[in-house]
Amino acid sequence: MQTLFSKWWNYGTRPWSISFQLLLIVNSVLGIAIVALLIFRYSSEMENEVHKKYLSLNDEAIAIHGAASHLQSDHHTADIQSYIDTVCAQMQKATLQCHSIAVKINGELIQAQAHLDEPPELFSTIAKAAVSKDHREQAADHMLVAASYAGDGITVYVSENLNAVRKTIRQDLQLQLFVLGSLGLIAAGIVNVVLVQVVGKPLNLLLETVDEIAAGNFGAESPLFKCDEMLRLSQAINSMSQTLQNNDRERQLQMVKAQQIQQYLLPSEVRLPGLQAAHLFQPADLVAGDYYDFVPLSNGTWLICLADVTGHGIPAAMGATMLKSLLLSAAEQPPFDTVSIISEINRRFVRTVLPGNFASMFLGCWNPETFEFCWASAGHDPGYLLNTSNEISLLNSTGMLLGIDEDAQWEVKRLHLKSNEQVLLYSDGAPDTQSPEGEIFGRERLLESFRSASQLSNQHGLEKLENDLSDFRLNSPRKDDLTLVLIKAE
C-alpha cells in the first residue's frame, strides 16, 4: 500500500508532459463546451416547446370561446358544460396530459366535470397563469401553463400540467441530446487522435533522441516531421547532436594524443643494475594522475619514483607531467640525496600547482654497488618489503604531501636489500579497487596477493597481482588510476 501511495505521490508531484497537459486542457474545454451546449440546447428547446404549448392552448381557448358564444346565445348552459367536458376528455385522451378547461360566463364559472374535485384555488392559479408574462404559475404540487380568451362576457381558460408537458418534451429531446453528445464525443476523440499524432508522438520521438544524446550517443538523429515547429525543433536537435559528435570526436583525438604523450614520458625498457623491475600502469581514463619513473644519476645511483596526483583525467595528468619535469630537473645536479631532491620538487610544485591540489610521492634511491636502498615518502601509501622468509616490512611515509608547505621537511630511511628480496610500490588505485558490490580490495588482500606471487618471476608476479585485482573488480569500471612497481634484488 505504501509503495502504491509513493508511486501515486511521485506521479502527482512530478511535472506533467506537454502531451498530457494538452490533452487535459483540450478535453476539459471540449467537455465543458459539450455540457454547456447540451444544457443550453435543453433549456432552449424546453422554452420553445412550452411557448408552442401556450400557443396551442391559446388557439384552443379561441375555438372554445367561439363555440361557447354560440351555445350561450341559445341559452344552452348545459350544452356548454357538455361541450367542455367532451373537449377536455378528448384532449386528455389525445395528449395524455392533465388538461383543464374552464369557462366564465357573466361571473358564472363552468369547469370540466373531470376537475370538479380539484381544490377551489386551482382556478385562481390558472387565471393568474393565463395573464402572467410567461403564462406559468406554481400550483400546489406542479407548475401550470395556461392561456385565456375573453370577449362578449365570456372568458375561456385552458391549462395543462407543465410537469407532464416537460416530461413529454424531455423524452422527445433525449434522442436529440444523445445524438448531439455522441457527435461531441466523436469530435473530442478526433481532436485527441490529432493531438497525439501531431504533438504527442513527435515529442516522444524527440525526447527519445535527447535521452540518447544525454546517454552519450552523440550523433543520434531525430526523424523529421511535416509540422513546421516540430521540423525546426528536430533539425535543431540533430544539428546539436552532430556538433556534439564532432566535438567529442575532436576531444577523443586530443585525449588519444595526450595518452600517447604521457606513455612516451613513462619509462619503457629500463634495466636497473642489480635489480629486476616490473611495472604496470592502468589509467582510469585515457590519461592518468599517476606517475612512475626510473632515473639514473651521475653518481651511479638510480632514483625510483612513484607519485599520485589528486584526481584523475587531464588535470591530474598535467600535474603528473609537471612532477616528471621537476624530478628530472632536480636530478641533474648535486646534491643527489633523496631528501634534497624531494624538497626541491616540493618547493617548485607549491609555486606552480593550483591551491588545493597536491600529490603523494615515494622517492627511492638504489645504489647497485652497496645494495643500499633509501627512501623518502611524501604522504604516499606504504611500500612493502618482502624478505626471503616471506615476512613483510612497511616502507612508511616520512613526511607530508607535496604541494602543501613550501618549507616541508622529510626524513630519509635506509635499508640493504638482500638477494631475492622484493619491494612493491603502488598507487592508491590498488587497495581502493572495488567489487561490483562496492567492497574495497584493501591492503590486507594486497599483502596476501603479494606474498602468494613471491615465488614467481618478477614479471609473472606483477601479472598475478593484476589478475587478482581484476578478478575482484570483475566487470565494474575502474574508479581510480592503478600503478604497480615491483623490484627484486638479484
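Every letter in the sequence shown is one number past the one before it in full-length UniProt numbering, and letter 444, counting from 1, is 444. Where is the CB? At the ideal position from N, CA and C, for every residue including glycine. Here the structure is a predicted model, which means the values were calculated and not measured.
Does the separation of the CB atoms of V353 and L385 fall below 7 Å?
no
Just the Cα atoms here: how many angstroms apart are S397 and S377?
4 Å
If you drop the 5 nearest sequence neighbours on each side, which residues of the same chain put their C-beta closer than 7 Å to that of L177?
L38, R41 and Y42
Beta-carbon within less than 7 Å of G181's beta-carbon, same chain only, minus the 5 sequence neighbours each way: which residues are those?
I34 and L38
Rounded to a whole number of angstroms, what is the C-alpha to C-alpha distance between I190 and L24?
14 Å
Helix, strand or coil for Y11? Go by DSSP, reduced to three states.
Residue confidence for Y11 is low, a pLDDT of 49 falling below 50, so the modelled location carries little weight; the figure read from the coordinates is stated next. In this structure, Y11 counts as helix in the three-state DSSP scheme.
Exposed or buried, D381, counting other C-beta atoms within 10 Å across all chains shown (16 or more means buried)?
buried
Straight-line gap, A140 to I80 (C-alpha atoms, nearest Å):
28 Å
Does the Cβ of N106 have 16 or more other Cβ atoms within 10 Å, making it buried, or fewer, making it exposed?
exposed
For the region 234–249 against the region 272–287, do three or more pairs of beta-carbon atoms, one drawn from each stretch, fall closer than 8 Å, so that the two count as touching?
no
For I341, which residues from the same chain have a beta carbon less than 6 Å from its beta carbon, with the 5 sequence-adjacent residues on both sides left out?
A330
Under the three-state DSSP convention, the category residue 493 falls into:
There is simply no residue 493 to check, as the chain begins at 1 and stops at 490 in what is shown.
Find out if the Cβ-Cβ distance for the pair S222, T209 is shorter than 7 Å.
yes
Suppose you measure from the CA of K53 to the CA of Y149; what does that come to, to the nearest Å?
15 Å
When the Cα atoms are used, what is the spatial distance from S476 to E444?
21 Å
Around the C-beta of W9, are 16 or more other C-beta atoms found within 10 angstroms, so that it is buried, or is it exposed?
A caution first: W9 carries a pLDDT of 47, below 50, which makes its placement in the model too unreliable to give a value.
DSSP puts T483 in a beta bridge; with which residues?
F281
Quick test of the definition: if touching needs 3 or more C-beta pairs under 8 Å, does the region 230–242 touch the region 294–304?
no
State the Cα-Cα distance for the pair P355 and L402, rounded to the nearest angstrom.
12 Å
Identify every run of the beta strand (DSSP E) within the region 270–325, keeping only runs that are complete inside it and at least 3 residues long; order them along the chain.
275–282, 290–296 and 302–309
Neighbourhood of V485 by C-beta, 6 Å cutoff - its chain only, sequence neighbours within 5 removed:
H279, Y292, L306 and L425
Does DSSP classify I440 as helix, strand or coil?
strand
In chain order, which continuous runs of the beta strand (DSSP E) of length 3 or greater are located wholly inside the region 219–280?
none
DSSP has H416 in a bridge; who is on the other side?
E372
Limits of the alpha helix (DSSP H) - the one that I341 falls within
T338 to T352
Own chain residues within Cβ distance below 8 Å of L231, not counting five before or after
L224 and F225
For F362, write down the residues that DSSP places opposite it in a beta bridge.
L306 and S377
Expressed to the nearest angstrom, what Euclidean distance is found between the alpha-carbon atoms of S44 and A36?
12 Å
Per-residue burial, D290 [other beta carbons within 10 Å of its own, 16 or more giving buried]
buried
Assign R473 to one of three DSSP states: helix, strand, or coil.
helix
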